[in-house]
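To convert, count from 1 in the sequence shown and add 680; that's this note's numbering. Where is the CB? At the ideal position from N, CA and C, for every residue including glycine. The model shown is predicted, which means the values in this text are computed figures rather than measured ones. Written out below as structure tokens is the structure these notes cover.
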Amino acid sequence: MSEKLRLQEPIRSPLETPRLITPLPYRSGTSFLAWAIVNNNQPVPDVFSKMTKIAASGRLGQNAMMMTGAPIKLTQADAADVADLYNRCSDYFLLQDGAAPTLDDARELFSDVPPEKSAHNQAVLGWKGPGGLYAIAAILRDYPRDGTWYLGFMIVDAAQRGRGVGRSIYSTVESWAAARGATEIRLAVLEANEAAERFWRSLGFIEYRRVGPDTFKMRSHRRIELSRRLSGATVEGSNK
681 MSEKLRLQEP IRSPLETPRL ITPLPYRSGT SFLAWAIVNN NQPVPDVFSK MTKIAASGRL
741 GQNAMMMTGA PIKLTQADAA DVADLYNRCS DYFLLQDGAA PTLDDARELF SDVPPEKSAH
801 NQAVLGWKGP GGLYAIAAIL RDYPRDGTWY LGFMIVDAAQ RGRGVGRSIY STVESWAAAR
861 GATEIRLAVL EANEAAERFW RSLGFIEYRR VGPDTFKMRS HRRIELSRRL SGATVEGSNK
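Here it is, written out as structure tokens:
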């Protein structure tokens, strides 16, 4: 899971965090995705066919491809389902906040964007199975600059972890963003969330900077902002 700033290649020496120069990561530490306009509860076009190609390439297991399928666009009307998934992922919220997630946390997902952006610049995608919602990815386009897509939040049901589901969802996200002009994916992870940091680094993300500490309900955290260049683009200010 990424941290929303609110969520990985060998660890590199972090940059000194610039003072009041670069926008802070948004959200607490999870990942965001690509942008698409779809009707609520309608499949996002072309996603499943892309996943089929990825699975055929051997990068993902067939079971993971079948599990992820095509996402749907979630809205405030789905807040109760989001809250139910949050409760099944309470380990993350206890780590981040020191408190169990609430319905208000689920509602906030749909409006928690930087001051210079609007909720219309964000898409909240969900993956559903027979047991209900099992994964979410919240996506913000062109933040903090054009071409950078911020994966502000990505979470997978604890019961589905370790099956390649998270990797398959991210692969869908990256392909989707790149097709819509993304040249960089950025996200943030809590320093305390070592498992999440390892996950993102394993997908080719490298450290951009460290920020904080910042307060999350009952806890305080520093966050690691991570970046992945797409199509050979250069990330300004990175430590590579």
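Arg881 and Gly842 have their C-alpha atoms spaced approximately 16 angstroms apart.
Linking Glu874 to Ser900 through their CA atoms gives a straight-line distance of about 16 angstroms. With a contact defined as Cβ atoms closer than 8 angstroms, Asp777 and Leu813 miss out at about 20 angstroms.
Annotation: Phe885 is outside any alpha helix (DSSP H) and is labelled neither H nor E by DSSP.
Boundaries cannot be given for Gln756, as no alpha helix (DSSP H) includes it and DSSP labels it neither H nor E. Among the bridge pairs identified by DSSP, Gly806 is matched with Ile752 and Ile816. Within the same chain, and ignoring the five residues on either side of Ser770 in sequence, the residues whose Cβ sits closer than 7 angstroms to its Cβ are Ala780 and Pro781. For Ala862, the three-state secondary structure derived from DSSP is coil. Distance between Arg866 and Asn801, taken at the CA atoms: about 16 angstroms. When beta bridges are read from the DSSP output, Met834 appears opposite Ala817. When the Cα atoms are used, Glu887 and Arg878 turn out to be separated by approximately 12 angstroms. Comparing C-alpha distances from Asp761 to each of Phe773, Gly811 and Leu774 shows the shortest one belongs to Gly811. Look at Thr895 here: in three-state DSSP terms it is strand. The C-beta distance from Ala868 to Ile904 rounds to 7 angstroms, short enough to meet the 8 angstroms contact threshold.
Counting only residues of its own chain and dropping the five nearest sequence neighbours on each side, Ile816 has a CB closer than 6 angstroms to the CB of Gly806 and Ile835.
Distances from the alpha-carbon of Phe885 to those of Gly844, Asp792, Ser907 and Phe896 put Ser907 closest. Buried is the label assigned to Asp837, since at least 16 other Cβ atoms lie within 10 Å of its Cβ. According to the DSSP assignment, Glu796 belongs to no alpha helix (DSSP H), since it is labelled neither H nor E. Taken through DSSP and simplified to helix, strand or coil, Thr852 comes out as helix.
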